[in-house]
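Presented below is the structure to which this report refers.
2 protein chains.
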Amino acid sequence: MTESTASDAAQTGGLPRQRRTFSIGELAKIFEVTPRTIRFYEQEGLLAPERRGQTRIYCEKDRVRLKLTLRGKRLGFSLAEIREVVMMYDAMPDGNARQLQRLLEILADKRANLERQLEDIRLMHKELDDVESRAREVLSGLGVDPPRH
Amino acid sequence: MTESTASDAAQTGGLPRQRRTFSIGELAKIFEVTPRTIRFYEQEGLLAPERRGQTRIYCEKDRVRLKLTLRGKRLGFSLAEIREVVMMYDAMPDGNARQLQRLLEILADKRANLERQLEDIRLMHKELDDVESRAREVLSGLGVDPPRH
DNA sequence: CAAGCACTTTACGTTAACGTAAACCTCGGC
DNA sequence: GCCGAGGTTTACGTTAACGTAAAGTGCTTG
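Keeping their order, the protein sequence lines are chains E and V.
Mapping to the working numbering: the first sequence position 35 is 35, numbers consecutive.
The number in the working numbering is simply the position in the second sequence, starting from 1, with 149 added.
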C-alpha cells in the first residue's frame, strides 16, 4: 500500500496511466505524508499541479516529482537542492548552454555526495556489526538467549 | 588534512596514541566544524571530555565519538538517535539484559534505515545518469562540447 | 605588563521543514 | 436543506541544530 511498482494497468482499470489523476489526500496516503507537506512543497516550487476551481489535481508527472523529492529528502538533500535539479530538468528543452553546464556541475556534486554516503554506510554497517556482536557477548554472559534475527 | 587513517605514530612522535589529547579548536579543524558545534554536542550528551580547570581536554576516545557522530549526521540520523546508540554502547559492560535487548532493536532499526538508503542511492544514481545524458544530448544539439568529466 | 590569542559561559537569533488551528467553500447523500 | 468528508487559505507555533554576540578567564610572548 506504499507504492505501485508493477503494472499499473490493473489499478487504473486499463486506462492509459497518463490520464490517471490524484487528489492531495490520495497522494498523501500513497507516500505517507500529510497534505500539508505536499502543499508546502508546492509553495517551495517543487510541484505545480493543475486546478479544477480551487482544488488541486495531481497528474502522473506530479506523482513522480513528489516521489523523487521524498527520495532526495531521505538522502539528506534540502528542498532547495532538490528544486535546483528538478526545475532545471524541466527547463532542459529550452535551456541554454550556460544553464546546462551548471546542471552538470550540480549533478557531479550530488554524485560526490552519494559516494561519500556509500562509504559512510559501509563504515556505519561495520560499527553496527561491532556493537551488536559485543551486545550479544554480554547478553550470553548473562545467560540470556539473544534473538537470532 | 582532514583525518589521519594511516599510522598515527608519525604524528604523535611515537607516543602511544592513547595519550594524545586535543583542544576544542584542534578537533574543530580536524573535522571541519566549529567549536560551537562540539560544545553543542557535549550539551546534548554526546561528548564528555575531561577538564583542566575550565578548559576541555579531548582524548582519543572523544575524537572517535565525534567522528561517529558526524558520520551519523551525514547519514541523516538526528543527534538524539545517535546519542541513543552511543550512550548505550558506553553503558554496555554493566548494561542489564533489558537495555541490551533494546539496543539490539535500535541497531536493527538503523540497519533497516541503511538498507533503504542504499536502495535510494542506487535509484538516485540512475536518475542522475538519466538527467546527465539528456543534458549532454541537448548540449551537443546546440553544438557545444560538453565536458567529459 | 600589556597585548593577543584561545578558551569559557550565557543568552538571544536563525533557518528549514513542517504542525496546528481557525474559518471558509463545495459536493454527494439522506 | 443540511451534514459530513474532503478540500482551501492564512497565519502563527514548533523543533533541531546550530550561529552569533557579549563579556569574562588564562597563558605566553614581545
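For each residue, glycine too, the CB sits at the ideal point set by N, CA and C.
Three-state secondary structure assigned by DSSP to residue i
i: Ala22 (chain E); result: As written in the sequence, residue 22 (chain E) is Phe, which differs from the Ala given in the question. Reduced to three states, the DSSP call for Phe22 (chain E) is strand.
i: Glu50 (chain E); result: strand
i: Thr5 (chain E); result: Per-residue confidence for Thr5 (chain E) stands at a pLDDT of 41, beneath the threshold of 50, marking its modelled position as unreliable; the derived number appears in the next sentence. It is coil, neither helix nor strand.
Contact check, residue i vs residue j, beta carbons under 8 Å
i: Glu44 (chain E); j: Leu75 (chain E); result: no
i: Leu66 (chain E); j: Met88 (chain E); result: no
i: Ala325 (chain V); j: Leu68 (chain E); result: Absent from the structure is residue 325 (chain V), since the part of chain V shown begins at 150 and ends at 298.
i: Pro198 (chain V); j: Glu209 (chain V); result: no
i: Val86 (chain E); j: Leu46 (chain E); result: yes
i: Leu114 (chain E); j: Ile270 (chain V); result: yes
i: Ile106 (chain E); j: Glu84 (chain E); result: yes
i: Phe31 (chain E); j: Leu70 (chain E); result: yes
i: Leu100 (chain E); j: Ala257 (chain V); result: no
Buried/exposed call for residue i, threshold 16 Cβ in 10 Å
i: Ala261 (chain V); result: exposed
i: Gln266 (chain V); result: buried
i: Ala91 (chain E); result: exposed
i: Arg200 (chain V); result: exposed
i: Val213 (chain V); result: exposed
i: Gly202 (chain V); result: exposed
i: Lys126 (chain E); result: exposed
i: Asp130 (chain E); result: exposed
N-terminal and C-terminal residue of the alpha helix (DSSP H) that residue i is part of
i: Thr186 (chain V); result: Pro184 to Gln192
i: Ala80 (chain E); result: Leu79 to Asp90
i: Asn262 (chain V); result: Ala246 to Gly290
i: Asp62 (chain E); result: Glu60 to Arg74
Same chain, Cβ closer than 6 Å to residue i, five either side skipped, listed in chain order
i: Val138 (chain E); result: none
i: Met124 (chain E); result: none
Neighbourhood of residue i by C-beta, 7 Å cutoff - its chain only, sequence neighbours within 5 removed
i: Leu128 (chain E); result: none
i: Asp62 (chain E); result: Leu47 and Pro49
Nonlocal neighbours in the same chain, by C-beta distance under 8 Å from residue i, ignoring five residues either side
i: Ser7 (chain E); result: Interpretation of Ser7 (chain E) is limited by its pLDDT of 40, a score under 50 that renders its predicted location unreliable; the figure taken from the coordinates is listed afterwards. Correct list: empty, nothing qualifies.
i: Gly25 (chain E); result: Pro35
i: Gly95 (chain E); result: Met88 and Leu103
i: Lys73 (chain E); result: Leu79 and Ile82
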